[in-house]
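> Using the working numbering, the first residue of the sequence shown is number 174, and each one after it goes up by one.
Here a beta-carbon is modelled for each residue, glycine too, at the ideal position from N, C-alpha and C.
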Amino acid sequence: MKHILERLAERRAEAERGGGAQRIDAQHKRGKLTARERIELLLDHGSFEEFDMFVRHRATDFGMDKQHVPGDGVVTGWGTVNGRAVYVFSKDFTVFGGSLSETHARKINKVQDMALRNRAPIIGLYDSGGARIQEGVAALGGYGEVFQRNVLASGVIPQISVIMGPCAGGDVYSPAMTDFIFMVKDTSYMFVTGPDVIKTVTNEAVSAEGLGGASVHTVKSAVADGAYENDVEALLQMRRLIDFLPSSNTDEIPEWPTFDDAERCDASLDTLAPDNPNKPYDIKELINKTVDEGDFFEIQEAFARNIVTGFGRIEGRTVGFVANQPLVLAGVLDSDASRKAARFVRFCDCFNIPIVSFVDVPGFLPGIAQEYGGLIKHGAKLLFAYAEATAPKVTIIIRKAFGGAYDVMASKHLRGDINFAWPTAQIAVMGAKGAVEIIFRQDMDDPEKIAARTREYEERFLSPFIAAERGYIDEIIMPRATRKRVARALAMLRHKELENPWKKHDNIPL
Ligand code: HXC
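And the structure:
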C-alpha cells in the first residue's frame, strides 16, 4: 500500500515539475511566475483542486512520441476567491512553450464545461506559443472547441483572460471572446501574426512589444481592459475584480460588508462643477465620493479617457459606473468612447448589474475623421446598449447634456428608471453660443444683440427645469446628496422586473 501511495506522490511531483528546473529558472529570470505559482496567488490559499494532471498528448510526428510531460502544458481546475468558486486554466510555458495540442484543448474544454454547468466564472492565464506546431489540424480543431465554448458561455458566466507572456495566433481569439482581458506590462504581448510574418508580408519592421505589448492594447487597440506591473499585481487585482462580479447571469450580485454609511453626504460636491461651463473637473472625484469606501475598479482606464467605466459598490452591492469625463476632450462622445461604454453597459446588463451614469457631455465629436470612421454606427452601439438594457438604470445629469448625447446617456426615453439632475444641469439641443449663432444669424454683426440672445437662451434652456417640467428628470437633487439618492434609488430598484420582447438575438450595430 505504501508503495502505491508513494507512486502517486512521485507522479504528482513529476507533473508539478513541468518542463523542469532549467525552464522554470528561465521563466523566473524573465520576471514571470510559473503556471502553478500563478494559480496559488489567484486562488484562496489551499483551495485549488487540480484536474487532469496526468494527461499526455497523443502526437507521434516529429519525435513527439518520445516527449511527454504530464499535464501537457496547461494546469486546470477550480478553487475559490474569497470563498466563491472559480474555474481556472493556466498555460505552462515551460512545457512545449504552453502551446495548445488536442489534449491540452480538451483539458481547457473540461473546465469550460464545468464552469458553465456549475455557473461560476472562468479565468484563463495565458503564456503560450500558440498552436502546437507538431500537431497541425488537431491543434486547430482544439482551438475551435475552445472558441465555441467561449461563445456559449458569453453572458452566462463571467470569463476573464490574463495575458502573462506570449499570446499569438490561435491563442488570441479565445481571450478576445471573453469579457475582460488584462495584461502584464513588459512581459506579455498579443498578436494574430508576429513581427517576422509582418516583415515578410508588408515589409514593416516592429518589435513584439511595439506590435502587441500592453501599451498598444490598453491605449491604442482597446483589445485589453487594463495592464499591471507584474504577475503578482495582476493576479491580486483579478481577485479584486472577481469580488465585484456575480457568479452567473442567474446569480445574485455579490454583497460585501461595508462600513460606509449610505446616507453619507459630501458638501464638497456642491462646488465640484465649476460655474464656467467651459472649465473642466474630474468626474472620478464624484465616482470616488459616491462609491463605498472610495473603492472603484476602472475598466479601460487608458483608452477613450473621455468616458470612464468601472465597478464600484453601493451598500455593499456592485454597481457599474459610466461617466463622461470633462477633463478629456470636454467629455465628448466619439467613436472610441461610444464603443468602450457600449461594451461595458452590455456586460453589466448581461449580469443584471445596475448601471449608474453620470452625464456631462457636450455632444458627439464633430469631424471628418469621426464621420469617416463610422461615428454613426459606433455612437449607435452605445444608444443600442443603453436602450436594450433591462438592469436598473440610474442617471444623474451633472452639467451638460446636449443634443443626441442627452438621449444616448441613459435618458428617461431609453427606459432610465430614475433620472436625476444636479441644479447645474444644462439640457438642450446645443450650447447657447452655437444655438444663437444658428437661430439669430441675422444679428451676428451686433454683439450686444447676440449677447442678449445668448443670455436669453441660457436662462430659458440651460437648466434642468424644462426637462423636469416634462417629467424627463424625476428630481433635481443637491450634489452633496448624490450617494444617498443613488443608494435609495438602487434599493428601490432591487427587485425590478423588465423583459424585452422575445427574439433569437438582437442585431446591435457592430
Ligand atoms: C510547439 C513550441 C511552440 C509551438 C514554442 N514552443 N512555441 N512548441 N509549438 N507553437 C517551444 C519551443 O520549441 C521551446 O521548446 C519552448 O517552447 C520555448 O520556446 P522558445 O522559442 O525557446 O522561447 P522564446 O524565445 O521565449 O519565444 C517564445 C515564442 C516562440 C515567441 C512564443 O517560441 C515562437 O515564436 N513560437 C512559435 C509561435 C507560433 O508561430 N505559433 C503558431 C501560431 S499559429 P524547448 O524544448 O526548447 O524548451 C496558430 C494558429 C492557430 O496558433 C489558429 C487557430 C484559429
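Please say whether Thr-423 and Arg-292 have beta carbons closer to each other than 8 Å?
The sequence position of residue 292 within the sequence shown is 119, counting from 1. The sequence position of residue 423 within the sequence shown is 250, counting from 1. Contact: yes.
> According to DSSP, is Thr-373 helix, strand or coil?
To locate residue 373, count along the sequence shown from 1; it is residue 200. Note: Thr-373 maps to helix in three-state DSSP.
> For the candidate residues Ala-560, Gly-546, Ile-549, Thr-597, whose alpha-carbon lies nearest to that of Ile-570?
For the purposes of this step, residue 570 is identified with residue 397 of the sequence shown, where counting begins at 1. Taking the Cα of Ile-570 as reference, the smallest distance to any Cα among Ala-560, Gly-546, Ile-549, Thr-597 is reached at Thr-597.
> Any chance the CB of Arg-661 is under 7 Å from a heavy atom of the ligand HXC?
The residue labelled residue 661 in the question sits at position 488 within the sequence shown. Result no, Cβ not under 7 Å from the ligand HXC.
> So Ala-640 and Ala-594 are supposed to be a Cβ contact under 8 Å. How far apart are they, rounded?
As a working note, residue 640 is residue 467 in the sequence shown. As a working note, residue 594 is residue 421 in the sequence shown. About 7 Å; that satisfies the 8 Å criterion.
> So is the beta-carbon of Pro-368 under 7 Å away from any non-hydrogen atom of the ligand FAD?
This structure lacks the ligand FAD; its bound ligands are the ligand HXC.
> Count the C-beta pairs between the segment 249 to 257 and the segment 231 to 238 that are closer than 8 Å, then say yes if the count reaches three, no if not.
no
> Does DSSP put Val-492 in a helix, a strand or coil?
Indexing the sequence shown from 1 puts residue 492 at position 319. Reduced to three states, the DSSP call for Val-492 is strand.
> If we ignore side chains and look at the alpha-carbon of each, how far apart do His-668 and Pro-527 end up?
Counting from one through the sequence shown, the residue named residue 668 turns up at place 495. Counting from one through the sequence shown, the residue named residue 527 turns up at place 354. When rounded, the distance between both Cα atoms is 11 Å.
> Could you tell me whether the Cβ atoms of Ala-553 and Arg-519 are closer together than 8 Å?
If you number the sequence shown from 1, residue 553 lands on position 380. If you number the sequence shown from 1, residue 519 lands on position 346. Against a cut-off of 8 Å, the Cβ pair of Arg-519 and Ala-553 comes out as no contact.
> Are the beta-carbon atoms belonging to Arg-512 and Phe-470 less than 8 Å from one another?
Locating residue 512 in the sequence shown gives position 339, where the first residue counts as 1. Locating residue 470 in the sequence shown gives position 297, where the first residue counts as 1. In this structure, Phe-470 does not lie closer than 8 Å to Arg-512 by Cβ.
> Among the residues of its own chain, which have a CB less than 8 Å from the CB of Ala-446, if the five just before and after it don't count?
Within the sequence shown, the letter at position 273 stands for residue 446. Counting only residues of its own chain and dropping the five nearest sequence neighbours on each side, Ala-446 has a CB closer than 8 Å to the CB of Tyr-454, Asp-533, Ile-571, Arg-572, Trp-595, Thr-597, Pro-652.
> With H, G and I counted as helix, E and B as strand and the rest as coil, what does DSSP make of Gln-498?
In the sequence shown, counting from the first residue as 1, residue 498 sits at position 325. Of the three classes helix, strand and coil, the one that applies to Gln-498 here is coil, per DSSP.
> Hey, how far is the Cα of Ser-686 from the Cα of Leu-313?
The question about residue 686 has no answer here: the residues shown for the chain are numbered 174 through 683.
> Kindly identify the DSSP beta-bridge partner or partners of Pro-339.
Within the sequence shown, the letter at position 166 stands for residue 339. According to DSSP, Pro-339 bridges with Tyr-362.
> Check whether the Cβ of Pro-339 sits closer than 7 Å to any heavy atom of the ligand HXC, and report yes or no.
In the sequence shown, residue 339 corresponds to position 166, counting from 1. Because some heavy atom of the ligand HXC lies under 7 Å away, the Cβ of Pro-339 counts as near it: yes.
> What did DSSP end up calling Val-396 once you bin it into helix, strand or coil?
To locate residue 396, count along the sequence shown from 1; it is residue 223. Coil.
> Give the list of continuous alpha helix (DSSP H) stretches no shorter than 4 residues that lie fully inside the segment 518 to 558.
541 to 545
> How about Asp-616 and Arg-626: do their beta carbons lie closer than 8 Å?
On the sequence shown, position 443 is the one that residue 616 refers to. On the sequence shown, position 453 is the one that residue 626 refers to. Going by C-beta atoms, Asp-616 is nearer than 8 Å to Arg-626.
> Could you name the residues of the same chain whose beta carbon sits closer than 7 Å to that of Ile-623, not counting the 5 residues immediately before and after it, in chain order?
Walking along the sequence shown from the start, residue 623 turns up at place 450. Excluding five sequence positions before and after Ile-623, the CB atoms of its chain that fall closer than 7 Å to its own CB belong to Val-609, Phe-613, Asp-616, Met-617, given in chain order.
> How would you call His-390, buried or exposed, if buried means at least 16 neighbouring beta carbons within 10 angstroms?
Along the sequence shown, one-based indexing puts residue 390 at 217. With 16 or more Cβ atoms within 10 Å of its Cβ, His-390 is classed as buried.
> Out of Val-324, Thr-207, Gly-250, Ile-296, point me to the one whose CA is closest to Val-268's CA.
Here residue 268 is taken as the residue at index 95 of the sequence shown, counted from 1. When each option's Cα is compared against that of Val-268, the closest is Thr-207.
> If contacts are defined as beta-carbon pairs under 8 Å, then Asp-398 and Phe-355 qualify, I think. What distance do you get, rounded to the angstrom?
Residue 398 sits at position 225 when you count from the first residue of the sequence shown. Residue 355 sits at position 182 when you count from the first residue of the sequence shown. Contact holds; Cβ gap of about 6 Å.
> Per DSSP, Phe-262 is paired with what?
Sequence index remark: in the sequence shown, residue 262 carries index 89 (1-based). Partner(s): Thr-249, Gly-297.
> What is the residue span of the alpha helix (DSSP H) that Gly-607 lies within?
Taking the first residue of the sequence shown as position 1, residue 607 is located at position 434. Start and end: 605 to 612.
> Which one or two residues does DSSP pair with Val-567 in a beta bridge?
Residue 567 sits at position 394 when you count from the first residue of the sequence shown. DSSP, once it has assigned bridges, lists Val-529, Ile-591 as partnering Val-567.
> Excluding the 5 residues preceding and the 5 following Gln-240 in the sequence, name in chain order all residues of the same chain whose CB lies nearer than 6 Å to its CB.
Numbered from its first residue, the sequence shown carries residue 240 at position 67. Nothing listed; no residue qualifies.
> Would you mind working out which of Arg-196, Met-226, Gly-343, Lys-202 sits nearest Gly-270, comparing C-alpha positions?
Along the sequence shown, read from residue 1 onward, the residue named residue 270 stands at position 97. For the residues Arg-196, Met-226, Gly-343, Lys-202, the minimum Cα distance to Gly-270 belongs to Arg-196.
> Check whether the Cβ atoms of Ala-578 and Leu-635 lie closer than 8 Å to each other.
Position 405 of the sequence shown holds residue 578. Position 462 of the sequence shown holds residue 635. No, the Cβ-Cβ distance between Ala-578 and Leu-635 is not below 8 Å.
> Looking at Leu-313 and the ligand HXC, is the gap between the Cβ and the nearest heavy atom below 7 Å?
Counting from one through the sequence shown, the residue named residue 313 turns up at place 140. Leu-313 Cβ: within cutoff of the ligand HXC.
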